[in-house]
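According to this note's numbering, the sequence shown is numbered sequentially starting from 3. Note that the Cβ used here is the ideal one computed from N, Cα and C, for glycine as well. Let me begin by presenting the structure, written as structure tokens, before commenting on it.
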Amino acid sequence: MSPPVSHSRLTVLDFDPARDGFSFPNRYTWTDDDLATLATQLRGLSSVPVALGAGLGGAVSGPIGGLAGLAVGAALGRMGLGDGIVRSIARRWSTFGLCGGMALAAIERWPRGEGAAPTADLRPGPLRALLRRRQERTLRASLPRFAAWWLRALASRDPDGWAAALETELDRVEATLGQGRPALVGLVGDAPDPFALHQVVVCGVDRRGPLDATLDGYDPNAPGQTRTITTSPGDRPGRAAISTTLPTGRSATTGRAHISTRPGHLAHCFVIDLP
Numbered sequence: 003m004s005p006p007v008s009h010s011r012l013t014v015l016d017f018d019p020a021r022d023g024f025s026f027p028n029r030y031t032w033t034d035d036d037l038a039t040l041a042t043q044l045r046g047l048s049s050v051p052v053a054l055g056a057g058l059g060g061a062v063s064g065p066i067g068g069l070a071g072l073a074v075g076a077a078l079g080r081m082g083l084g085d086g087i088v089r090s091i092a093r094r095w096s097t098f099g100l101c102g103g104m105a106l107a108a109i110e111r112w113p114r115g116e117g118a119a120p121t122a123d124l125r126p127g128p129l130r131a132l133l134r135r136r137q138e139r140t141l142r143a144s145l146p147r148f149a150a151w152w153l154r155a156l157a158s159r160d161p162d163g164w165a166a167a168l169e170t171e172l173d174r175v176e177a178t179l180g181q182g183r184p185a186l187v188g189l190v191g192d193a194p195d196p197f198a199l200h201q202v203v204v205c206g207v208d209r210r211g212p213l214d215a216t217l218d219g220y221d222p223n224a225p226g227q228t229r230t231i232t233t234s235p236g237d238r239p240g241r242a243a244i245s246t247t248l249p250t251g252r253s254a255t256t257g258r259a260h261i262s263t264r265p266g267h268l269a270h271c272f273v274i275d276l277p
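Rendered as structure tokens:
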């Protein structure tokens, strides 16, 4: 009897993170304009106060606190206090990121027109306002989904992702790249704060099975490098494992978690559709 044959579908665009991504890191110092813009862009989204309330509860006392924080967040949202919460939480960090803005701007500049400078040659100063606007666009398109999957990951504390949802997103990545466009992808983990979520550009996919794939892309936190996300079936029916070369997990110096509390792990990833 012949062994089963594994068929791999490889879709790779000529998007080079070292050339078509920005050469400066995704690290900015807060200004009043930044805080005002952040509060304004989140104000109209009802999921934000709820997510922030759950994040505060989760940071204090784990999943139980996170669930209790849902009620607090909902009440704050009804009272119109979302702006103050956003500013208060944001100031816990001396720096912040514009990963969605950088990822979307890199996608928009690719492929660059004849005579246009490579994205890697651009400097951050003149781009700040543009990146904030692009960040706002990506958040408006994705924040409800970010909040829903983040709350699910926060409550579950499970090392695996959700197979059916992940398979759908892998199909969407393939379809987007098949149309000749890089995919804007949101990354979700169980880090106990909502500002630890992340967005990247996926420019290549090797699909070996419904849940068996490797995604290559540009991470605004890692100028000049290609990061990978690897997916596979989980140990239990209905679950999936998602590993990554992005630096997830808790910082040895601050103790804060980036995307996930577990190194090299993601709970979910999804394609962000922009109107």
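Coarse secondary structure for residue i, derived from DSSP in three states
{"i": "D218", "result": "strand"}
{"i": "R229", "result": "strand"}
{"i": "F197", "result": "helix"}
{"i": "S158", "result": "helix"}
{"i": "A167", "result": "helix"}
{"i": "I109", "result": "helix"}
{"i": "G182", "result": "coil"}
{"i": "S234", "result": "strand"}
{"i": "F17", "result": "coil"}
{"i": "A224", "result": "coil"}
{"i": "T255", "result": "coil"}
{"i": "F98", "result": "strand"}
Cβ-based burial, residue i [other Cβ within 10 Å; buried from 16]
{"i": "D123", "result": "exposed"}
{"i": "L276", "result": "exposed"}
{"i": "Q201", "result": "buried"}
{"i": "G99", "result": "buried"}
{"i": "S144", "result": "buried"}
{"i": "P221", "result": "Residue identity check: residue 221 is Asp in the sequence provided, not Pro. The residue in question, D221, is buried, as its Cβ has 16 or more Cβ neighbours within 10 Å."}
{"i": "T140", "result": "buried"}
{"i": "A185", "result": "buried"}
{"i": "Q227", "result": "exposed"}
{"i": "P128", "result": "exposed"}
{"i": "L78", "result": "In this prediction, L78 scores a pLDDT of 43, lower than 50, which makes its location untrustworthy; no coordinate-derived value is stated."}
{"i": "A259", "result": "buried"}
{"i": "T178", "result": "buried"}
Cβ-Cβ distance between residue i and residue j below 8 Å
{"i": "P194", "j": "R264", "result": "no"}
{"i": "F197", "j": "P126", "result": "no"}
{"i": "G191", "j": "I274", "result": "no"}
{"i": "W164", "j": "R241", "result": "yes"}
{"i": "L213", "j": "L168", "result": "yes"}
{"i": "F17", "j": "P225", "result": "no"}
{"i": "L15", "j": "G206", "result": "yes"}
{"i": "L12", "j": "D173", "result": "no"}
Heavy atom of the ligand NAP within 7 Å of residue i beta-carbon
{"i": "E138", "result": "Ligands displayed in this structure: none; no statement on the ligand NAP is therefore possible."}
Residue nearest to residue i in terms of C-alpha spacing, selected from the options
{"i": "S158", "options": "D16, A20, H270", "result": "H270"}
{"i": "R147", "options": "F272, R21, F17", "result": "F272"}
{"i": "T250", "options": "P225, G266, G257, R29", "result": "G266"}
{"i": "V204", "options": "R210, Q137, E171", "result": "E171"}
{"i": "T97", "options": "P120, G115, L37", "result": "L37"}
{"i": "T39", "options": "S10, R142, R111", "result": "R142"}
{"i": "G188", "options": "R210, L199, L179", "result": "L199"}
{"i": "P19", "options": "T255, P239, G219, G257", "result": "G219"}
CB contact below 8 Å: residue i versus chain D
{"i": "R125", "result": "Although the question refers to chain D, the structure presented lacks it and comprises just one protein chain."}
Between the segment 232-247 and the segment 93-112, do three or more beta carbon pairs fall short of 8 Å?
no
Do the segment 127-135 and the segment 246-258 touch if we need at least three Cβ pairs shorter than 8 Å?
The answer is no - the segment 246-258 does not touch the segment 127-135, with fewer than three Cβ pairs under 8 Å.
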